[in-house]
Every structure is written in C-alpha cells, then in structure tokens.
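J.: This structure is in structure tokens; I'll ask about it shortly.
Number of protein chains: 2
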Amino acid sequence: MARAGLTAERVTVAGAELADEVGLDQVTMSQVARRLGVKDASLYSHVRGLDDLRGRIALLAADEKTIRIAEATAGRAGRDALVAFANAWRDYAHRYPGRYAATQISIRIDPELAAEAPGPRRAVKLTYGMLRGYGLAEPDLTDAVRLLRSTFHGFVALEAAGGFAHERSSQQSWVRALDALHTLLERWPPSREGDPP
Amino acid sequence: MARAGLTAERVTVAGAELADEVGLDQVTMSQVARRLGVKDASLYSHVRGLDDLRGRIALLAADEKTIRIAEATAGRAGRDALVAFANAWRDYAHRYPGRYAATQISIRIDPELAAEAPGPRRAVKLTYGMLRGYGLAEPDLTDAVRLLRSTFHGFVALEAAGGFAHERSSQQSWVRALDALHTLLERWPPSREGDPP
DNA sequence: TGGCCTTCCTAGGGGTATTAGGGTGAAACT
DNA sequence: AGTTTCACCCTAATACCCCTAGGAAGGCCA
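Line by line, the protein sequences are chains F and B. Residue numbers 1 to 197, in the numbering used here, belong to the letters of the first sequence in order. Residue numbers 1 to 197, in the numbering used here, belong to the letters of the second sequence in order.
Next up, the structure:
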C-alpha cells in the first residue's frame, strides 16, 4: 500500500482549501480525509482532532494574511500605506473566505501551537508601523489600531454575511471608508474630559 | 402523555438560550430537544431543520437587538444618539453572545422567513435616523451608515474572539472609538477626485 | 537480513441530523 | 355524550460524523 505522505501541514492545507470551497463549518475530518485519499482515522496521527485542525487553519490564515499585508505596505507611508494595508486585508478575506472565517475563532486555540505562529504578533507590529506617519502617541495609538482593525474586519464580515444591500456597491463604500479613516487619523480627536489614562 | 406545548417560537427561544450558554455551533437539535424535554424528532414539526433553526435564532436576535437600540436612542440626537446606539449594540452582543453570533450568518436564511422579520429593515432605518443630525446627504449617508455598522460589529467581534490584549481595557478603546466616529461624522470628508457616483 | 518506528488501516462505540410512519391527546362537530 | 379530526409527539431506521484501540505494512538503520 502506497504511503500518502501526510503531515500536519498537508492536512491543514487540505482543510483550508476545503474551508474556502464549502465554508469553515463544513470542514470535517471525513471530508479532509477523502480529499487526501485516506481514511479519517489516519488524520489523528497528525492532528489532535477537529478543533486542533481548525486552530491550525486559523494560524495558517493569520500568517498568510500578515504576509500579504506586509508585502502590500512595504515602502509605503501615510495614506498609501493605509490603503494598501486595508485592501490587502479585504482581498485576503474575499479570496480565502474559509480561511478568513477561521481567524475569528482564535479564542480557543491551543496556546502551545499559537506560540510558534508568528502571524498574529507580526500583524500587530505591522499595524502600529503603518500608523507611524500619523504622529499618534500612546494610548491613542492603541485605540487607533483597534479602531482600524475593527472597521476592516467588520466591513468584510458584513460583506460576507450579505449585510450590504445592492443600492450602492460595497466597493464604493469601502473607498469612502478609507478616505474617512485617513482624515480621522490625521485629526485624531483629543481625549475628552473625564477619561482616565 | 402530557403535551409539551411546543411551537416554532418556543423552539427558537430554547435554541437561542442554548446558544448564549454554550455557543452557537454547539446548538444541536438533540440538545434543544433535551432542554425542552422532548425527543429530537419532535422538533421537525415546528422547524424545518438545524439550518432553519439557526436562521430563526438570527432573526430573533436581529429583532431583539433592534428593539434595544430603538429604546436606547429614543429622543436622543447627535452625539448622545450615537453613543446610545453603539452602547446598546455592544451590550446586546455581550449579554447574548450566541444570539449575536447567529446574526452573522444572515446570508443563508430562508428568504420567506426573513421577509416577515422586521428587525433588519428597522435597524437600517434606525441607523439612518440616528445620523440625521449630522447633515449628511446621499451617497455619503449610506457610506457613513456602513462604516458605523462595520466598526460596531468589528469591535464586538474582535472582543469576542479575544483579539484585544489586556494592556489597555477594551472599554477605554471603545469610548475613544466613539469619540473618533463622532468627530468624523461632524467633518465627513468630501469625495475625492475620480470617485464616480 | 532483522529490528523498529511511523504511517495508515480495519473495527467499533457513541453522537447527531433527518425522514417515515404510528399512536394519542384535545378540541370541534353532531 | 359520542365521534371525528388534527396537531403533536413518539418509535424506528438510515446515514453521516468524531474519535479510540489495536493491527499490518512501508521505510530506515544496523
């Protein structure tokens, strides 16, 4: 009997492809095994179980997305960097919807596994770096990073959920949202009275 | 044998409660049936299946959330309305995490069922109404509505996923995000060159 | 060649979704 | 009151899924 040559990474990639094709919640051990030409029990030598597989898909996606963003923003600053960052984010979500959905479940990933993945940490650094040109200082910087991530994620999540009716294309709203965020970052409002540090 | 007195709505509510307790993806026909003291096959007289149940939970959540927002924003305008709107949204997501998660799957809900639910339509109206005081005209109005919804949803989604580390409380970032959105709405940037309507 | 580890298999237990069909309560009609 | 009707809930059966346990067989090294 020929060996299939499985490995944790190959199983993860097969799961990620399946997630993009049929949705993350349709990713099952049986389907992944079928795609790899193997019985489902064989996967358990490489992956602890379904939750572990989903966690690995999430970390794979986080790494891939971070790399795309890093390439897109390299050598850019200010508005250019913001637009490149945001478009790379959205492109990834559109192109790999299943993988992207996996990134939303980060709460219950094996910490040991997550510690090795550079994606999330690097993503945070990238976002801070992108904002360098706007001259924000802590804690405004952290607040701005969180606002941007929220808006980017929220936009693509609502797009994926069909939350935007078709009167106006979501592409146009996206461009205008980036305009708005850029001007917002240029004139970040000072903290109002009564906000303790 | 005593009748359990099931109905589509009671099944939906049981599913919603279960979703809040154990997570939406742990909501199963068997668990819901157990909670209602009934065999799982009995549920199929009231609900078409698991997907249908999830769709009903989503519509229930949309209605509930819209009502909370409507109550919170009644009689308010400008910044007050914005803050009340956003806090009602976030409170709902925190208090009913399973129901809230259900609202993200709106893409595959039975259209016939969705047509009867007033929640989504009313939510859109509410958002437009809240922005009335800022003096925006179409298509900026639609773009602003989408930006706000994206940010609100993205923030609570990232909070739920554990996306915000604990250096700075997410509550503080939330307050500052609302500040930022308010000033942004007051000075909505004009459309840049080359944006066709 | 012989031993050993890894890989993949078969077998099986337990859970879930869904359909088909039957019995029984309770209200409605005569 | 007796009967009919219908909605409700059940049992039974099929098919899929996750996961564990234990066995056979390929590849590596001595």
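The C-beta atom is built at its ideal place from N, Cα and C for all residues, glycine as well. As the structure is a computational prediction, the values presented were derived from the model and not from experiment.
Can you find the residues in the same chain that come closer than 6 angstroms, C-beta to C-beta, to P196(F), ignoring five residues on each side of it along the sequence?
T.: At P196(F), the pLDDT of 49 sits below 50, so the modelled position is not reliable and the matter cannot be decided from this model.
J.: List, in chain order, every chain F residue whose beta-carbon is nearer than 8 angstroms to that of W188(B).
T.: A180
J.: Could you compute how far the alpha carbon of A74(F) sits from the alpha carbon of A16(B)?
T.: 45 angstroms
J.: Run down chain F in chain order and give the residues with a C-beta less than 9 angstroms from the C-beta of A93(B).
T.: The premise fails here: A93(B) is roughly 12 angstroms from chain F at the closest Cβ pair, so nothing lies under 9 angstroms.
J.: Check the Cβ-Cβ distances between D52(B) and every residue of chain F, and say whether any is below 8 angstroms.
T.: no
J.: Just confirm the distance between the C-beta atoms of A88(F) and R68(F), as a whole number of angstroms; I'd bet it's less than 8 angstroms.
T.: Sure, about 5 angstroms apart at Cβ, within 8 angstroms.
J.: Locate the alpha helix (DSSP H) running through L53(B), then write down its first and last residues.
T.: Residues L50 to T73.
J.: Mapping the DSSP letters down to three states, classify V47(B) as helix, strand or coil.
T.: coil
J.: So, for E186(B): in the same chain, excluding its five sequence neighbours on each side, which residues have a beta-carbon less than 7 angstroms away from its beta-carbon?
T.: Y134
J.: Nearest-angstrom Cα distance between A93(F) and Y100(B)?
T.: 21 angstroms
J.: Does the Cβ-Cβ distance between R90(F) and P139(B) come in under 8 angstroms?
T.: no
J.: Identify the continuous alpha helix (DSSP H) that holds Y220(F) and give its terminal residues.
T.: What is shown of chain F runs 1 to 197, which leaves residue 220(F) out entirely.
J.: Relative to the alpha-carbon of G162(B), which residue among S150(F), E159(F) and S170(F) has its alpha-carbon at the smallest distance?
T.: Cα-wise, what sits closest to G162(B) is S150(F).
J.: In the DSSP assignment, find the unbroken alpha helix (DSSP H) run with D179(F) in it and report its ends.
T.: S170 to E186
J.: Between the Cα of Q171(F) and the Cα atoms of P189(F), F152(F) and G98(F), which residue gives the shortest distance?
T.: In terms of CA proximity to Q171(F), F152(F) leads the group P189(F), F152(F) and G98(F).
J.: With DSSP collapsed to three states, give me the class of H200(B).
T.: Any answer about residue 200(B) is impossible in this case: the structure gives chain B only from 1 up to 197.
J.: Within a Cβ cutoff of 6 angstroms, which residues of the same chain sit near R122(F), ignoring the five residues on either side of it in sequence?
T.: T66
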